[in-house]
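As structure tokens, the structure follows; a few thoughts come after it.
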Amino acid sequence: MDRDTFAAWLDRYFAAWRSNDAAEVEALFTEDAVYSYGPFEQVATGRETIVQNWVEGGVQPGFETWFEVLAVEGDRGVANWRVSFDVDEGGRVALDGILVCDLDGRGRCTLHREWYVRREETR
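Numbering follows numbering that gives the first Met the number 0, with no gaps: position 16 of the sequence shown is 15.
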């Protein structure tokens, strides 16, 4: 994998986050992918479980994103990412995180590990 390939995957990843479309999410991951939401969170195993967990959150209005590819070596990419979106009662949430992602030869994620911090904001 090179930086452009990983950046293209991240573009699709954040587009799927924005749309919350199950088919878009499914296309990102292998059937046996592993998705870690953080060091102390339960791991989701298998594309079906990942998609189910993902779409349960619903569309997040006012979604904005940014990312920077930090490194690529072999099949592994590392990125810093930020997202923000509106929440109930006039608030906004901002997340800033690090993603470690392994892609297979077809550009699908086999291992997704992220660490992030969350900040509540008011509008």
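Beta carbons: idealized from backbone N, C-alpha and C, even for Gly.
Taken in chain order, the complete beta strand (DSSP E) segments of 3 or more residues contained in the stretch 11–57 are 28–35, 42–44.
A straight-line Cα-Cα distance of about 21 angstroms links S18 and G45. The beta strand (DSSP E) runs lying completely inside the stretch 66–106 and spanning 3 residues or more are 75–86, 90–102, given in chain order. Inclusion of P60 and D85 in the CB contact set at 7 angstroms is warranted, their separation being smaller than that value.
In the same chain as E88, and ignoring 5 residues on each side of it, no C-beta atom comes closer than 7 angstroms to its own. Burial of V71 is indicated by the presence of at least 16 other C-beta atoms within 10 angstroms of its C-beta.
In this structure the stretch 67–82 does not touch the stretch 42–57; the number of beta carbon pairs closer than 8 angstroms is below three.
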